[in-house]
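Participant: First, the structure itself, so that you have it in front of you.
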Amino acid sequence: MLLDLSGRLKVITVSLNGEPRQFDSPLKVAQLLDQLGLTGKRLAVEKNGEIVPKSQHAETAIENGDVLEIVVAVGGG
């Protein structure tokens, strides 16, 4: 848990699929996907214009001001 100087939990604001969202910090991509109920789904994550490989979701930190796009694959014919 990260606290600011007044002892409060640090909150970050990011753009998620074009919408401003706030989350507790620190936060990794894998944690964000879990919070959004997307763990295990076929999807692509883009952070600040660059694709984040699935193998790096657990290590990739999300920082205040980041721009994230999450696209979930939909099957069908």
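Just so you know, my numbering puts 901 at position 68 of the sequence shown, and the rest follows in order with no gaps.
In this text, a Cβ means the ideal position worked out from N, Cα and C, and glycines have one as well.
Could you tell me whether the Cβ atoms of Leu-901 and Lys-880 are closer together than 7 angstroms?
Facilitator: A contact, by the Cβ cut-off of 7 angstroms.
Participant: What are the start and end residues of the alpha helix (DSSP H) that includes Asp-867?
Facilitator: Start and end: 862-868.
Participant: Taking DSSP as the reference, what is the three-state secondary structure of Lys-887?
Facilitator: Of the three classes helix, strand and coil, the one that applies to Lys-887 here is helix, per DSSP.
Participant: Quick check: what's the CA-CA separation for Leu-871 versus Lys-843?
Facilitator: Distance between the alpha carbons of Leu-871 and Lys-843 is about 24 angstroms.
Participant: Got a sec? Which residues, its chain only, sit under 7 angstroms from Ala-906 by beta carbon, not counting five neighbours each side?
Facilitator: Contacts found: Arg-875 and Leu-876.
Participant: Here's a check: name, in chain order, each residue in its chain whose Cβ is nearer than 8 angstroms to the Cβ of Lys-861, leaving out the five neighbours to either side.
Facilitator: Correct list, in chain order: His-890, Ala-891, Glu-892, Thr-893, Ala-894 and Ile-895.
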